[in-house]
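Novice: Pasting a structure below so you can have a look.
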Amino acid sequence: MRLSDIPAPDSAAARAALELASEYHTPALLNHVLRSWLWAEGFATVEGLHGVDRELLYVSAVLHDIGIVPAFDNHTLAYEDAGGHVAKALTAGAGWPAARRTRAHEVIVRHNWPEVDPAVDPEGHLLEVATALDISGVRPDALPLEFRREVVAAFPRLSLAAEFTACVTDQAERKPGTAAKRIVDRGVASKLQRNPLESLG
């Protein structure tokens, strides 16, 4: 498993998603969403999942945290819900049919679920386990060590721990009925600091 074996989709939606994320995310958050995509692809391989919509997975991964940046922060919706709506708008512009646009929204919302059944939503499952690894350090040994080192070297973690903790804490305080509150209450700050990926970079 190598980075060179996982090319980014070459489509209008994929290019637009990366352009949007690059414009609005800090370097640490941009690296986080790109690592999340790569972890998702890695989990698809080790779990033997077939029929994964790679373009949908990429677009959803790259945009999964866009709802926490000021330009797209919604004063009432959970940040993952707001980000899903950004993905729907972007993919509409790229010509995706309505059902597939809805899937992008679902995958982004479900990345904050405690668990997603891969039999029901393989892309949602992959993004959930990928972000759980990158944020909370869940199942780090499921992916080969050399692959983890290669990904972290290519996309360093930088100040992700401090930035994400601040962002999600702000979301939890303003929107206590959303998943952000659960994430904060379950110790996201300490999980980020103890994440074994931190020692690889």
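For the sequence shown, the numbering used here puts the final residue at 538, and the numbers step up evenly by one.
We put the CB at the ideal spot given by N, CA and C, even for glycine.
Values in this document were obtained by computation on a predicted structure and should not be read as measured data.
#1: Jot down the residue ranges of each uninterrupted alpha helix (DSSP H) in the stretch 404–437, minimum 4 residues, whole runs only, in chain order.
#2: Counting beta carbon pairs with one atom in the stretch 372–380 and one in the stretch 470–483, are three or more of them shorter than 8 angstroms?
#3: Using only the alpha-carbon positions, how far apart do V383 and D471 sit?
#4: On a Cα-Cα basis, can you pick out the residue from L357, G461, A381, H412 that is closest to A426?
#5: Under the three-state reduction of DSSP, which class applies to T502: helix, strand or coil?
#6: Would you check if the stretch 453–470 and the stretch 346–363 touch, i.e. whether three or more CB-CB distances between them fall below 8 angstroms?
#7: Thinking E535 and R485 are a contact (beta carbons under 8 angstroms), I'd like their distance in whole angstroms, please.
#8: Does K528 come out as helix, strand or coil in the three-state DSSP assignment?
#9: Does the stretch 451–463 come within contact of the stretch 348–355, defined as at least 3 CB pairs closer than 8 angstroms?
#10: Could you check if D402 is buried or exposed, using at least 16 other CB atoms within 10 Å of its CB as the buried criterion?
#11: How many angstroms separate the CA atom of E443 from the CA atom of G461?
#12: Please state if the CB of V505 and the CB of V488 are separated by a distance shorter than 8 angstroms.
#13: Evaluate E392 with the Cβ neighbour count: other Cβ atoms within 10 Å of its Cβ, from every protein chain shown; 16 or more gives buried, anything less gives exposed.
#14: Considering only residues of the same chain and omitting the five flanking positions on each side of L497, which have a CB-CB separation below 6 angstroms?
Specialist: Inspection of the coordinates gives the following:
#1: 416–430
#2: yes
#3: 17 angstroms
#4: L357
#5: helix
#6: no
#7: E535 to R485, Cβ: 12 angstroms. No contact.
#8: helix
#9: no
#10: buried
#11: 7 angstroms
#12: no
#13: buried
#14: A365, H369
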